[in-house]
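Peer 1: Structure incoming, see below.
Protein chains: 2
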Amino acid sequence: MTDQPRRRGAARTAELLQVTLDLATEVGYAGLNIEAVARRAGVGKHTIYRRWPSMAALLLDALSRVWTTDLDYHDTGDVRADLREQFLRSAPALSQPPIGPVYRAVIAEAQSDAALRETLHERFLATVEQSTFDRIARAQRAGELVADADLRFPAEVLCGTLYYRWLLSTKPIDEEAVNSLVDMFMAAYGAGSRVGSGPA
Amino acid sequence: MTDQPRRRGAARTAELLQVTLDLATEVGYAGLNIEAVARRAGVGKHTIYRRWPSMAALLLDALSRVWTTDLDYHDTGDVRADLREQFLRSAPALSQPPIGPVYRAVIAEAQSDAALRETLHERFLATVEQSTFDRIARAQRAGELVADADLRFPAEVLCGTLYYRWLLSTKPIDEEAVNSLVDMFMAAYGAGSRVGSGPA
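Chains as they are written, first to last, in our numbering: chain R, 1 to 200; chain B, 201 to 400.
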């Protein structure tokens, strides 16, 4: 295969993902189907079915495409600052198009579809947890966090708290919430000081 | 008014809420509507509309009825044990009928209905957060937790982590998760020892 068809294939994939996201934003998840995406993109349904087994799989790929660049934590050597920055930077993505409403709709759909929930976790949430874990594990190796704590679950707590607030709370993911969350994390695992005036 | 009609009113309310929950369990949230509830209960639609403005409001009341008794934390004087017990006791309720599937469906529906999300938070999640806060605030007054920490947000973190695992993770709310969560909380706010071997 020469480079030409490969490039055309990549361009077509990118176009299909963009059309999917546009359509999802316009009509919502409930109104979305592969026929409508095919019609809008000017391709046959089978072109899509050859690549994606379901509407959900196609939509998750479309979300991934606009999202992945946002997932990497900075590493300035100050884990508290880097967590804060990342959480505050993620918050608008969750509440605004193109990601926010579509992602929320997929999460809703996943509540009655265990296979989609698994794919969603594998494709998105596990990635978010992993990148959080990677950042705090680096901080642990750098001596910013206590040496012998297992940080897998704390990474999930950090992500889970933000998702809870986004999906189920009426309060925003704002500076106050992010500061409180990072304070709690550092109080538990920071190698230095802790919250409050207890006899630590 | 004599006691007789008041008792009849309470019995009819209880019956309507039970019918609602039964029907929700059978047909799912998507298949549920006030006409179907009225038909099953043998009452007119207006009997229901007089009391509940929407299907969601009726269903939230039905969920509340089977649920409220489970929400109170024990107070044995050992906050770590009481949190563990409560979290492990809540987990099966979230995964099994009558509460689990119906509650999950309401949460899904709330993702595309901001008013329902607000009602859901006010009626359920705020209550869960509050009862968690009450228990840890008592522990703080008893000297089990550091004196000057604001425990509002930590109560949300405890609840949010469990909801995240229930709604978005593929892992169960098991002893390992609950222990890790309570360990993190106590490491941050316990008046005694902390996680790890840091220079605390």
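Don't be surprised by glycine CBs; every beta carbon is placed ideally from N, CA and C.
Just so it is clear, the structure is predicted and the values come from calculations on it, not from any experiment.
Residue range of the alpha helix (DSSP H) that Tyr49 of chain R falls in?
Peer 2: Looking at the DSSP string, the run of the alpha helix (DSSP H) that includes Tyr49 of chain R is Lys45 to Tyr49.
Peer 1: Quick one: which chain B residues come within Cβ less than 7 angstroms of Pro154 of chain R?
Peer 2: Met384
Peer 1: Would you say Ala388 of chain B lies against chain R (beta-carbon separation less than 8 angstroms)?
Peer 2: At least one chain R Cβ lies under 8 angstroms of Ala388 of chain B.
Peer 1: Tell me which residues share the same chain as Thr225 of chain B and place their Cβ nearer than 6 angstroms to its Cβ, disregarding the 5 neighbours each side in the sequence.
Peer 2: Pro297 and Pro298
Peer 1: Going along chain B, which residues have a C-beta under 8 angstroms from Arg165 of chain R?
Peer 2: Glu356 and Gly360
Peer 1: Report yes if the C-beta distance between Asp82 of chain R and Asp75 of chain R is below 8 angstroms; otherwise report no.
Peer 2: yes
Peer 1: Listed from N- to C-terminal order along the chain, which residues in the segment 290-307 of chain B have their beta-carbon within a distance smaller than 8 angstroms of any beta-carbon of chain R?
Peer 2: Arg304, Ala305 and Ile307
Peer 1: Determine whether the Cβ of Glu118 of chain R lies closer than 8 angstroms to any Cβ atom of chain B.
Peer 2: yes
Peer 1: Taking 7 angstroms as the cut-off, does the CB of Ala387 of chain B come closer than this to any heavy atom belonging to the ligand ADP?
Peer 2: Ligands in the displayed structure: none, and consequently the ligand ADP is not present.
Peer 1: Taking the straight line between their C-alpha atoms, what separation do you get for Ala443 of chain B and Tyr229 of chain B?
Peer 2: Chain B is shown only over 201 to 400; residue 443 of chain B falls outside these bounds and no answer can be derived.
Peer 1: Taking only the alpha-carbon atoms, compute the straight-line gap between Val382 of chain B and Leu362 of chain B and give it to the nearest angstrom.
Peer 2: 11 angstroms
Peer 1: Tell me where the alpha helix (DSSP H) around Ala62 of chain R begins and ends.
Peer 2: That run of the alpha helix (DSSP H) goes Met55 to Trp67.
Peer 1: Please report the distance separating the alpha-carbon of Phe287 of chain B from that of Glu35 of chain R.
Peer 2: 45 angstroms
Peer 1: Under 6 angstroms Cβ to Cβ from Thr47 of chain R, same chain only, skipping five residues before and after it: list those, please.
Peer 2: none
Peer 1: Select from R:Ser169, R:Ala187 and R:Ala110 the residue whose C-alpha is nearest the C-alpha of Leu325 of chain B.
Peer 2: R:Ser169
Peer 1: Rounded to whole angstroms, what is the Cα-Cα separation between Ser197 of chain R and Arg323 of chain B?
Peer 2: The predicted model places Ser197 of chain R with a pLDDT of 40, which falls under 50 and marks its position as unreliable; any figure quoted below should be read in that light. Taking the straight line joining both Cα atoms gives about 35 angstroms.
Peer 1: Give me the Cα-Cα distance between Ser180 of chain R and Phe353 of chain B, rounded to the nearest whole angstrom.
Peer 2: Inter-residue distance for Ser180 of chain R and Phe353 of chain B is about 7 angstroms (C-alpha atoms, whole angstroms).
Peer 1: Chain R beta carbons: is any one of them nearer than 8 angstroms to that of Ser331 of chain B?
Peer 2: no
Peer 1: Are Val102 of chain R and Leu21 of chain R touching if we call contact CB-CB under 8 angstroms?
Peer 2: When the beta-carbon positions are compared, Val102 of chain R and Leu21 of chain R come within less than 8 angstroms of each other.
Peer 1: Starting from Ala115 of chain R, find everything on chain B with Cβ-Cβ shorter than 9 angstroms and list it in chain order.
Peer 2: Within chain B, no residue comes near Ala115 of chain R; the closest Cβ sits about 11 angstroms away, beyond 9 angstroms.
Peer 1: Count the other CB atoms, across all protein chains shown, that sit within 10 Å of the CB of Val27 of chain R; report buried if there are 16 or more and exposed otherwise.
Peer 2: exposed
Peer 1: Taking the C-alpha atoms as reference points, what is the distance between Ala41 of chain R and Gln18 of chain R?
Peer 2: Going from the Cα of Ala41 of chain R to the Cα of Gln18 of chain R covers about 9 angstroms.
Peer 1: With a threshold of 8 angstroms between beta carbons, is Leu381 of chain B in contact with chain R?
Peer 2: yes
Peer 1: Helix, strand or coil: how does DSSP classify Gly31 of chain R here?
Peer 2: helix
Peer 1: Secondary structure at Thr76 of chain R, three-state DSSP: helix, strand or coil?
Peer 2: coil
Peer 1: Does the beta carbon of Ser54 of chain R sit closer than 8 angstroms to a beta carbon anywhere in chain B?
Peer 2: no
Peer 1: Using a Cβ cut-off of 9 angstroms, pull out every chain R residue sitting near Ala339 of chain B, in sequence order please.
Peer 2: Neighbours of Ala339 of chain B on chain R: none; closest Cβ ~12 angstroms, over 9 angstroms.
Peer 1: Name the two residues that bound the continuous alpha helix (DSSP H) containing Thr370 of chain B.
Peer 2: From DSSP, Thr370 of chain B is part of no alpha helix (DSSP H); its letter is neither H nor E.
Peer 1: Taking its Cβ as the centre, do 16 or more other Cβ atoms sit within 10 Å of Thr13 of chain R, making it buried, or is it exposed?
Peer 2: exposed
Peer 1: By the three-class DSSP mapping on this structure, what secondary structure does Gly160 of chain R have?
Peer 2: helix
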